[in-house]
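Below: one structure, written as structure tokens.
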Amino acid sequence: MSTNLENDIKQEVERRRTFAIISHPDAGKTTLTEKLLLFGGAIRLAGTVKARKASKHATSDWMEIEKQRGISVTSSVMQFDYLGHRVNILDTPGHQDFSEDTYRTLTAADSAVMLIDVAKGVEAQTIKLFQVCRKRGIPIFTFINKLDREGRSPFELMEELEQVLGIRSVPMNWPIGMGRELCGVYDRMNNQVELFQGNDHSKIEVRKVEDYNDPIIREMAGDFLHDQLTGELELLDVAGDQFDYEKVSRGELTPIFFGSAVNNFGVQTFLENFLKLAPSPTPRQSTERLVEPTEEKFSGYVFKIQANMNPAHRDRIAFLRICSGRFERGMSVKHVRAGKDIKLSQPQQFLAQDRDIVESAYPGDIIGLFDPGIFRIGDTLSQAGELTFDELPTFSPEIFAKVTVKNALKHKQYQKGIDQLTEEGTIQVFHSTSGFDEIILGVVGQLQFEVFEYRMKGEYGVDIQLHRMTYQFARWLVDDKIDPSKFRINSVLVKDKKDNYVALFENEYAMRTAIEKNPTTKFLEMAP
Ligand code: G4P
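Every letter in the sequence shown is one number past the one before it in the UniProt record's numbering, and letter 77, counting from 1, is 77.
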């Protein structure tokens, strides 16, 4: 017989949708997020998120960097209710100075929304983020934005998704005209048209139709656009992929929605369809077993640690993704790595920068835990026994630097800082294998270096200087016997914190040559 607790958890899990929006800067992520929050009633005024993005009132001195750059260093979490669903949007920094946190945040999402600018198509940062989602096999939904501007043809964009990302797509709706000619979209799944009214695109009319040949569309859109629409949709019906829920669930097929975030056009239909199709929190693999979200016993893992959001304290916040059970304020849980029971008394929930104390939370939710220095990235908290969620992957750094300490007397603090900040995942540290104990720092985004430098000075009193190196790629080597002499041309061999060999390359050519010359060695993009 099922208990009240079991039923409660089951219901809450079913209605949850936890996702991240992945995009290249300027595709419109802030705008789209804001529209979604408006639908959910989480904010009342358009411009709120935008204003935060460029806010001069940073919440703490830690936000100095954010203030200077007008970007979001924090990947915060936004929650709202819509049509009975509880939606968690995990924000991933969109600036080109994104960091490993951005990647780690994706591990906490159950699905992703890939936002693409209709004129620019698939861009560099989208590719990187897509690949992380791809590896996890989570469903990816595509929103093609800025339809009110001249852009590429939908067919060209579908082709690009396939060529560049290797994913097939299925349009859920289709534009009727584009740019200045845009008059609406045809919803293929629900057989309806959504039409813009008036020049300012501010009103939208929704009409049920028989199919795309319906004379109502011709009347509203005119002969030329209707002929174009029917021609394109006939082609799509014959040559395009059918919608296949299983393939979407496995991340092999991406449903595409066309719209314009700033005009709020196509956003609501996107949200409603997305909520129907996107998965609720999925089971998570631990070292011991698969953990079902509906299990009564609580479990979760830390995917991100953020320092000093509060200027009054040098505290840290650990972001925990709940994987199973019900979280309750004040509950005792096992900190599995430390082998200790701890009490979770001041957990926080996030809506942009505001923090609220949370009383209870469920799988799919993210809570912020006050961290006096006891958490590391990947730590598991559990009432469900001694399980550990699969350690978070280490992502391949692309920018490298050597460090020198300006004041040699500060060596001890320097070492302490390096150890702590590596554990927190601010940077990755490699040791040279040349005989000198020299360290090389690796990051995926320049911002991580700036954060590192800032915190070394602020928290450990150490002034450092970073010397950029010319390496661009890191590959973990798996081989029974590694011969360091083979990695001397345009590359260097270093070791990571677990003594794994890692080769750093200056360019793709050097990397390809090394791969060809060492056929028995595996070159991995992530730590084994
Ligand atoms: P991001 O978070 O992905 O970096 O993008 P953001 O939302 O800040 O949007 C980038 C720019 O694109 C903004 O213009 C925004 O208004 C615009 N934009 C977003 N959605 C649409 C759309 O559907 N159509 C058109 N035409 N533009 C769109 P901006 O000039 O940088 O800022 P603003 O002064 O207009 O706010």
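We put the CB at the ideal spot given by N, CA and C, even for glycine.
Exercise. Check whether the segment 158-165 touches the segment 209-223, counting contact only when three or more Cβ pairs, one atom from each stretch, lie closer than 8 angstroms.
Key: no
Reference Glu-123, options Ser-23, Leu-387, Leu-236, closest by Cα: Mapped onto the sequence shown, residue 123 falls at position 123. Here the closest residue by C-alpha is Ser-23.
Sorry if obvious, but does the Cβ on Thr-142 come closer than 6 angstroms to a heavy atom of the ligand G4P? Along the sequence shown, one-based indexing puts residue 142 at 142. Checking every heavy atom of the ligand G4P against the Cβ of Thr-142, none is found closer than 6 angstroms.
Roughly how many angstroms lie between the CA atoms of Met-456 and Ala-401, to the nearest whole one?
Counting from one through the sequence shown, the residue named residue 456 turns up at place 456. Counting from one through the sequence shown, the residue named residue 401 turns up at place 401. A straight line joining the alpha-carbon of Met-456 with that of Ala-401 spans about 15 angstroms.
**Message:** If you follow the alpha helix (DSSP H) that Lys-276 is in, where does it begin and where does it stop?
**Reply:** As a first step, residue 276 is located in the sequence shown; it is residue number 276 there, counting from the start. Element bounds for Lys-276: 267-277.
Burial state of Val-13, where buried means 16 or more other Cβ atoms lie within 10 Å:
In the sequence shown, counting from the first residue as 1, residue 13 sits at position 13. When all chains shown are included, Val-13 counts as buried.
Sheet register partners of Val-209 (DSSP bridge): In the sequence shown, counting from the first residue as 1, residue 209 sits at position 209. Val-209 is not bridged to any residue.
Rounded separation between Glu-34 and Glu-160 - CA only: Translated into positions along the sequence shown, residue 34 becomes position 34. Translated into positions along the sequence shown, residue 160 becomes position 160. The alpha-carbon atoms of Glu-34 and Glu-160 are separated by roughly 28 angstroms.
Whole-angstrom C-beta distance between Thr-394 and Met-526, which should lie under 8 angstroms: Indexing the sequence shown from 1 puts residue 526 at position 526. Indexing the sequence shown from 1 puts residue 394 at position 394. With 8 angstroms as the limit, Met-526 and Thr-394 qualify as a contact, their Cβ atoms being about 6 angstroms apart.
With respect to the alpha helix (DSSP H) encompassing residue 531, which residues constitute its N-terminal and C-terminal limits? Summary: the structure shown does not reach residue 531, with the chain confined to residues 1 through 528, and so no result is reported for it.
- prompt: Hey, is Thr-126 close to the ligand G4P, as in C-beta under 6 angstroms from one of its heavy atoms?
  reply: Residue numbering aside, residue 126 sits at position 126 when the sequence shown is read from its first letter. Flag unset: Cβ of Thr-126 not near the ligand G4P.
Roughly how many whole angstroms lie between the Cα atoms of Ile-305 and Gln-242? In the sequence shown, residue 305 corresponds to position 305, counting from 1. In the sequence shown, residue 242 corresponds to position 242, counting from 1. Approximately 42 angstroms between the Cα atoms of the pair.
Give the range of the beta strand (DSSP E) segment to which Gln-155 is assigned.
-> Against the sequence shown, residue 155 aligns to sequence position 155. Per the sequence shown, the amino acid found at residue 155 is Phe instead of Gln. That residue, Phe-155, is in no beta strand (DSSP E); its alpha helix (DSSP H) goes 154-160.
Note to self: Please list the terminal residues of the continuous alpha helix (DSSP H) segment that includes Ala-514.
What the structure shows: In the sequence shown, the residue the question calls residue 514 occupies position 514. Taken as a continuous stretch (DSSP letters only), the alpha helix (DSSP H) holding Ala-514 covers 508-517.
Can you tell me the Cβ-Cβ gap for Gly-266 and Phe-258, rounded? I've got them flagged as a contact below 8 angstroms. The count along the sequence shown starts at 1 and reaches residue 266 at position 266. The count along the sequence shown starts at 1 and reaches residue 258 at position 258. Their Cβ separation, rounded to whole angstroms, is 6 angstroms, which keeps Gly-266 and Phe-258 in contact under 8 angstroms.
Q) Where does Asn-173 fall in DSSP's three states? A) For the purposes of this step, residue 173 is identified with residue 173 of the sequence shown, where counting begins at 1. Asn-173: strand per DSSP, three-state reduction.
Compute the distance between the beta-carbons of Leu-320 and Gly-339, then report whether it is under 7 angstroms. Walking along the sequence shown from the start, residue 320 turns up at place 320. Walking along the sequence shown from the start, residue 339 turns up at place 339. With respect to Gly-339, Leu-320 sits apart: the two C-beta atoms are not nearer than 7 angstroms.
If contacts are defined as beta-carbon pairs under 8 angstroms, then Asp-110 and Pro-279 qualify, I think. What distance do you get, rounded to the angstrom? Numbered from its first residue, the sequence shown carries residue 110 at position 110. Numbered from its first residue, the sequence shown carries residue 279 at position 279. Between Pro-279 and Asp-110 the Cβ distance is about 5 angstroms, and since that is below 8 angstroms, they are a contact.
* **Contact check, Leu-524 vs Tyr-471, beta carbons under 7 angstroms** => As a first step, residue 524 must be located in the sequence shown, where it is residue number 524. As a first step, residue 471 must be located in the sequence shown, where it is residue number 471. Not closer than 7 angstroms, so no.
- Going by other Cβ atoms of all chains shown within 10 Å of its Cβ, with 16 needed for buried, is Met-63 buried or exposed? What you label residue 63 is simply residue 63 of the sequence shown in a count that begins at 1. Confidence is the limiting factor: at Met-63 the pLDDT is only 44, short of 50, which leaves the residue's position unreliable, though a coordinate-based value still follows. Per the 10 Å Cβ criterion, buried.
For Arg-16, report the span of its beta strand (DSSP E) as first-last. Start at 1 with the first residue of the sequence shown, and residue 16 comes out as number 16. Looking at the DSSP string, the run of the beta strand (DSSP E) that includes Arg-16 is 16-23.
Worksheet entry | Counted within 10 angstroms of its Cβ, other Cβ atoms place Pro-519 as buried (16 or more) or exposed | As a first step, residue 519 is located in the sequence shown; it is residue number 519 there, counting from the start. Exposed, because fewer than 16 other Cβ atoms sit within 10 Å of the Cβ of Pro-519.
*So is the beta-carbon of Lys-146 under 6 angstroms away from any non-hydrogen atom of the ligand G4P?*
Your numbering for residue 146 matches position 146 in the sequence shown. At least one heavy atom of the ligand G4P is nearer than 6 angstroms to the Cβ of Lys-146, so yes.
Residues of its chain near Ile-216, where Cβ-Cβ distance is below 8 angstroms and the 5 sequence neighbours each way are ignored: Taking the first residue of the sequence shown as position 1, residue 216 is located at position 216. The residues are Val-193, Arg-207, Val-209.
Cβ atoms of Val-443 and Phe-449: under 7 angstroms apart, would you say?
-> Indexing the sequence shown from 1 puts residue 449 at position 449. Indexing the sequence shown from 1 puts residue 443 at position 443. With contacts defined by Cβ atoms closer than 7 angstroms, Phe-449 and Val-443 form a contacting pair.
Let me know the secondary structure DSSP gives residue 546 once reduced to three states. Any answer about residue 546 is impossible in this case: the structure gives the chain only from 1 up to 528.
**Request:** Report buried or exposed for Ala-239, applying the criterion of at least 16 other Cβ atoms within 10 angstroms of its Cβ.
**Result:** Translated into the one-based positions of the sequence shown, residue 239 becomes position 239. Counting the other CB atoms within 10 Å of its CB gives Ala-239 a total below 16, which places it among the exposed residues.
Q.
I need the straight-line Cα distance from Ile-367 to Glu-292, nearest angstrom please.
A. Here residue 367 is taken as the residue at index 367 of the sequence shown, counted from 1. Here residue 292 is taken as the residue at index 292 of the sequence shown, counted from 1. Straight-line Cα distance between these residues: approximately 19 angstroms.
If you follow the alpha helix (DSSP H) that Ala-124 is in, where does it begin and where does it stop? By 1-based counting over the sequence shown, the position of residue 124 is 124. Counting along the chain, the alpha helix (DSSP H) containing Ala-124 begins and ends at 124-136.
Among Ile-489, Asp-479, Leu-493, Tyr-414, the one whose alpha carbon lies nearest that of Tyr-454:
Locating residue 454 in the sequence shown gives position 454, counting from the first residue. For the residues Ile-489, Asp-479, Leu-493, Tyr-414, the minimum Cα distance to Tyr-454 belongs to Tyr-414.
Nearest-angstrom Cα separation, counted from Asp-223 out to Gly-137:
Position 137 of the sequence shown, counting from 1, holds the residue named residue 137. Position 223 of the sequence shown, counting from 1, holds the residue named residue 223. So the two alpha carbons sit approximately 43 angstroms from each other.
- Quick one: Cα of Asp-117 to Cα of Phe-274, how far? Position 117 of the sequence shown, counted from the first residue, corresponds to residue 117. Position 274 of the sequence shown, counted from the first residue, corresponds to residue 274. Their Cα atoms are separated by approximately 19 angstroms.
Using a Cβ-Cβ distance under 7 angstroms, would Phe-270 count as near chain C? In the structure shown, chain C does not exist; there is a single protein chain.
Exercise for review: Report the residue from Phe-452, Gly-461, Gly-458, Ile-439 whose alpha carbon sits nearest the alpha carbon of Val-502.
Suggested key: Translated into positions along the sequence shown, residue 502 becomes position 502. With distances taken between Cα atoms, Val-502 lies closest to Ile-439.
*Considering only the beta carbon of each residue, do Ile-89 and Met-114 sit closer than 7 angstroms?*
Taking the sequence shown and counting its residues from 1, the one referred to as residue 89 is at position 89. Taking the sequence shown and counting its residues from 1, the one referred to as residue 114 is at position 114. It is not a contact, given that the beta carbons lie outside the stated cut-off.
Between Val-170, Trp-476, Ile-204, Ser-169, which has its C-alpha nearest Val-185's C-alpha? Residue mapping note: residue 185 aligns to position 185 of the sequence shown, counting from 1. The residue with the shortest Cα to Cα distance from Val-185 is Ile-204.
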